[in-house]
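Single-structure report; data block below.
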Amino acid sequence: MQAEPLNYTFIFGACTWCVLSVMWLLALEKSAKARWMHQLHALLPVVAIGGYMLMAKDSGLAVATEQWFVAGMAIIAILTPVWLLTLLTRNAGVMDVVYSLAVSLSTMVLLIVDGNYSVRQIVLMVLVAVWSGRLLHHASGTNLGSNGEQQPYAKWRVQFGSRWWWWSYFQVFLLQGGLVWIWMLPIVLAISAKPGPLGTLDVIGIAVWLIGFVFQAGADWQLKRFKANPSNKGKVLQSGLWSLSRHPNYFGEAVMWWGYFAFGLANPYGWLGIIGPIYVTWFMSKGSAAPMLDRHMLKSKVDYAQYVARVPSFFPFFKSPGDAALLKRFQDRRSS
Numbered sequence: 014m015q016a017e018p019l020n021y022t023f024i025f026g027a028c029t030w031c032v033l034s035v036m037w038l039l040a041l042e043k044s045a046k047a048r049w050m051h052q053l054h055a056l057l058p059v060v061a062i063g064g065y066m067l068m069a070k071d072s073g074l075a076v077a078t079e080q081w082f083v084a085g086m087a088i089i090a091i092l093t094p095v096w097l098l099t100l101l102t103r104n105a106g107v108m109d110v111v112y113s114l115a116v117s118l119s120t121m122v123l124l125i126v127d128g129n130y131s132v133r134q135i136v137l138m139v140l141v142a143v144w145s146g147r148l149l150h151h152a153s154g155t156n157l158g159s160n161g162e163q164q165p166y167a168k169w170r171v172q173f174g175s176r177w178w179w180w181s182y183f184q185v186f187l188l189q190g191g192l193v194w195i196w197m198l199p200i201v202l203a204i205s206a207k208p209g210p211l212g213t214l215d216v217i218g219i220a221v222w223l224i225g226f227v228f229q230a231g232a233d234w235q236l237k238r239f240k241a242n243p244s245n246k247g248k249v250l251q252s253g254l255w256s257l258s259r260h261p262n263y264f265g266e267a268v269m270w271w272g273y274f275a276f277g278l279a280n281p282y283g284w285l286g287i288i289g290p291i292y293v294t295w296f297m298s299k300g301s302a303a304p305m306l307d308r309h310m311l312k313s314k315v316d317y318a319q320y321v322a323r324v325p326s327f328f329p330f331f332k333s334p335g336d337a338a339l340l341k342r343f344q345d346r347r348s349s
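Residue numbers for the sequence shown follow our numbering, beginning at 14 and rising by one.
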């Protein structure tokens, strides 16, 4: 029997990712922080291509893999012009604004490519669009305009000096682009599933997403109001959602991605999508987001140490043993 021809979109996307992966790995310095994360995101497309070559090309898994590469190409097509723009504006912090837009536009591209427009797909697209639109509005207030380049991007610009203009493409745009590409697995699986009406798992997904949205949007709103009061300057918000978790907005972000995972379970291979929310949860709680902010706040806010001792870091009502270790490291550095 004659083998099925490879999808040309997939071939183009695979070749593009392979070229970028080689450039990325060659540019990666031994002294770079989180070197393993760079290597993971650079090599992941190559591993995915190898797996795809072993699949029956008419299988549901092969179709989902092709659509995942379409999403990857859409992310590159969106972020590359933004990177070029930052070479003129000297503000790589714009990535904090456009990363959610990369997800929503890539989801829209997948929806158009799939061409089914089922109720499940439309509802999922609406949820992604609402999440993206709110983050765009929230992040643009601090990362655009007269505020200048935010941390850690300003620090990296100084650290890498004359190399930053090209290394920023890998350090900021491809690394974070690769991050959301992995996160999008459940969304890709949901869109490539057999079209149909909303099912029980989809309703559960909507409910989980709404819980996450309340935490993320509600926490950001409370923090904005707190900062708007001049008498709170230098203080730490410790009421409302911020009394349940030190990072309720990050917790809400992770919960919403578990909602997308429930949608992906409509696909027979939907269980593979669990990689996405697990990665989001790890990244937000342990990998980068929460720990980085904790370290910064301990240095800049006098009462933050007491806050760490009292309030859970990420999951409400669950006090992690890591908080004691965090405080000990902070106190050791301060006393040395």
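Glycine included, each C-beta is placed from N, C-alpha and C at the ideal position.
Since this is a predicted model, take the numbers as computed values, not measurements.
Can you give me the Cβ contacts of residue i inside the same chain, cut-off strictly under 6 Å, excluding the 5 residues immediately before and after it?
i	result
V293	W196, A267 and W270
G265	G225, F228 and Q229
L118	I91
L137	A203 and F276
P18	With a pLDDT of 46 at P18, under the threshold of 50, the predicted position of this residue should be treated as unreliable, though the coordinate-derived value follows. Nothing listed; no residue qualifies.
L100	W178
W30	P58
C28	none
I343	Sequence inspection shows Phe at residue 343; the Ile mentioned does not correspond to that position. Taken in chain order, the residues that qualify are L311.
R170	W177
W37	A55 and F183
Can you tell which of the options has the C-alpha that lies nearest to the C-alpha of residue i?
i	options	result
H7	L236, K240 and G272	What the structure shows of the chain is the stretch from 14 to 349, and residue 7 is not part of that stretch, so it cannot be assessed.
L149	P58, F276 and V110	V110
P351	Q344, D127 and G253	It is not possible to answer for residue 351, since the shown part of the chain is limited to 14 through 349.
A338	Y130, A318, L39 and F330	A318
H309	L340, A279 and E162	L340
K106	L100, I62 and E162	The identity of residue 106 in the sequence shown is Gly, whereas the question assumes Lys. Taking only the C-alpha atoms, the option nearest G106 is E162.
V141	D215, S131, M121 and V132	M121
L278	F343, P58 and S205	S205
G7	A87, D316, W169 and G63	One cannot answer for residue 7 here, as it falls past the ends of the chain, which runs 14 to 349.
V35	P58, F25, K46 and A47	P58
H151	L188, K312, D233 and I88	D233
F183	R147, I135, S252 and V95	V95
A61	G272, D71, L311 and G85	G85
A87	G26, K70 and S131	G26
F347	P334, L311 and V321	At residue 347 the sequence reads Arg, which differs from the Phe that was named. Cα-wise, what sits closest to R347 is L311.
R147	G283, W37, W169 and Y112	Y112
L211	A75, R133 and L39	R133
A167	T213, I135 and R103	R103
L97	D307, D345, F186 and G283	F186
G283	D215, V321 and I24	D215
W49	I135, D71 and L188	L188
T93	L33, S252 and I24	L33
T213	E42, G272, L124 and A69	G272
K46	S252, D336, Y320 and P165	P165
E42	I24, W180 and P334	W180
If you drop the 5 nearest sequence neighbours on each side, which residues of the same chain put their C-beta closer than 7 Å to that of residue i?
i	result
F274	P199, G286, I287, G289 and P290
N129	P208
P281	G73
F331	P325
L250	Q235, L236 and F239
S153	V110
The ligand MN and residue i: does the residue's C-beta get closer than 7 Å to at least one heavy atom of that ligand?
i	result
F330	In terms of ligand content, the structure shown is empty, and the ligand MN therefore cannot be addressed.
Go through its chain and collect everything with a Cβ distance to residue i's Cβ below 8 Å, but skip five positions before and after it.
i	result
F296	L192 and A302
S256	V324
L67	none
Q15	Low confidence applies to Q15: its pLDDT is 35, below 50, so where it sits in the model is not reliable, and the reading given next is rough at best. Around Q15: no qualifying Cβ.
L114	I91, S145 and L149
G64	T78
F328	S258, F264 and S298
D345	none
Exercise for the section: Could you tell me whether the stretch 78-89 touches the stretch 198-205, where touching means 3 or more Cβ pairs closer than 8 Å? Expected result: Verdict: yes, contact present.
Handout entry: Contact the stretch 289-306 vs the stretch 215-224: 3+ CB pairs below 8 Å
Key = Verdict: no, contact absent.
Practice task
Count the C-beta pairs between the stretch 245-264 and the stretch 294-312 that are closer than 8 Å, then say yes if the count reaches three, no if not.
Solution key: Short answer: they touch.
Problem - Cβ contact check for the stretch 230-250 and the stretch 171-180: 3 or more pairs under 8 Å - result: They do not touch, by the three-pair rule.
Problem - Continuous beta strand (DSSP E) assignments of at least 3 residues falling wholly in the stretch 94-156 - result: For secondary structure counted as the beta strand (DSSP E) over 3 or more consecutive residues, the stretch 94-156 holds no complete run.
Problem - Three-pair Cβ contact test at 8 Å for the stretch 49-59 versus the stretch 182-192 - result: Segments in contact, yes.
Problem - In chain order, each beta strand (DSSP E) run of at least 3 residues that lies wholly inside the stretch 307-339 - result: As far as the stretch 307-339 is concerned, it has no whole beta strand (DSSP E) run of at least 3 residues.
Problem - 4-residue-minimum alpha helix (DSSP H) runs that sit fully inside the stretch 191-241, ordered along the chain - result: Unbroken alpha helix (DSSP H) stretches of 4 residues or longer found wholly inside the stretch 191-241: 198-204 and 213-241, given in chain order.
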